[in-house]
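Numbering (the numbering used here), first residue to last: 284 to 505.
Virtual Cβ for every residue (Gly too), placed ideally from N, Cα, C.
Everything on this sheet refers to the single structure shown next.
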């Protein structure tokens with residue numbers, strides 16, 4: 284699940300992250316930063332329960348570039364909340380200095396004639412990485428594994444809808460991807476799918492394995 288904190292992650296982390304210039308002219312974290320360690324929760328849905336592990340991260344630049352292509356609507360949210368670097372530059376250019384009070388603001392005039400190129404707010408986007416414990420071997424295709432796979436998918440969808448609704452009620456942006464397709468569930472599709480195995484591997488450094496033509500991630504305990 285992906286959500287927007289709309290505040291700088293410097294306020295959330297124990298130490299302020301080190302920023303470096305991005306390829307597209309923005310600034311961002313080189314490596315992903317974990318701000319909440321993996322924790323296991325028992326989630327109840329009526330009479331059913333599931334074991335859910337969650338952790339919270341700020342994406343590093345490689346993963347953030349992927350997220351921009353998956354969640355195209357996040358750019359509109361940043362522009363609406365003026366969370367993008369282009370808006371910050373426009374505000375700075377529009378403010379006259381004391382020495383140029385009677386001179387034309389050339390920087391502001393140039394910005395008016397140039398199309399805005401938003402540089403999205405990387406450090407305001409949080410990733411909630413989730414895992415669910417299974418009792419069946421999901422690498423095997425049989426009736427039992429298929430039934431549990433469908434059950435876990437329904438649990439994830441129900442939990443995600445519950446959490447995202449409450450985040451949005453607070454005025455923040457939030458979405459999740461469908462594990463079956465990789466597309467966003469609640470906002471328009473972007474030009475790419477979310478690489479869930481790559482994302483989890485980058486964020487938590489879990490091992491991956493090739494099973495047939497599919498790459499899967501291995502939980503270190505489950």
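Taking only three categories from DSSP, how would you classify residue i?
i	result
residue 446	helix
residue 463	coil
residue 315	coil
residue 436	helix
Provide the residue(s) that pair with residue i in DSSP beta bridges, ordered along the chain.
i	result
residue 323	336
residue 330	For residue 330, which the question treats as bridged, DSSP gives no partner whatsoever.
residue 286	409, 457
residue 526	Since the first residue shown for the chain is 284 and the last is 505, residue 526 is missing from the structure and cannot be characterised.
residue 423	Partner(s): none; residue 423 has no beta bridge.
At what residues does the alpha helix (DSSP H) containing residue i begin and finish?
i	result
residue 356	356-363
residue 484	479-487
residue 351	344-353
Considering only their Cβ atoms, is the gap separating residue j from residue i smaller than 8 Å?
i	j	result
residue 335	residue 430	no
residue 318	residue 457	no
residue 413	residue 337	yes
residue 475	residue 323	no
residue 460	residue 481	no
residue 328	residue 441	yes
residue 501	residue 492	yes
residue 417	residue 435	yes
residue 494	residue 422	yes
residue 439	residue 462	yes
residue 477	residue 330	no
residue 410	residue 486	yes
Between which two residues does the beta strand (DSSP E) containing residue i stretch?
i	result
residue 490	490-494
residue 416	Careful: residue 416 lies outside any beta strand (DSSP E) and carries neither H nor E.
residue 472	First-last for residue 472: undefined, no H or E at that position.
Between the segment 327-345 and the segment 310-319, are three or more C-beta pairs nearer than 8 Å?
-> yes
Would you check if there are 3 or more beta carbon pairs closer than 8 Å linking the segment 456-472 to the segment 356-364?
-> yes
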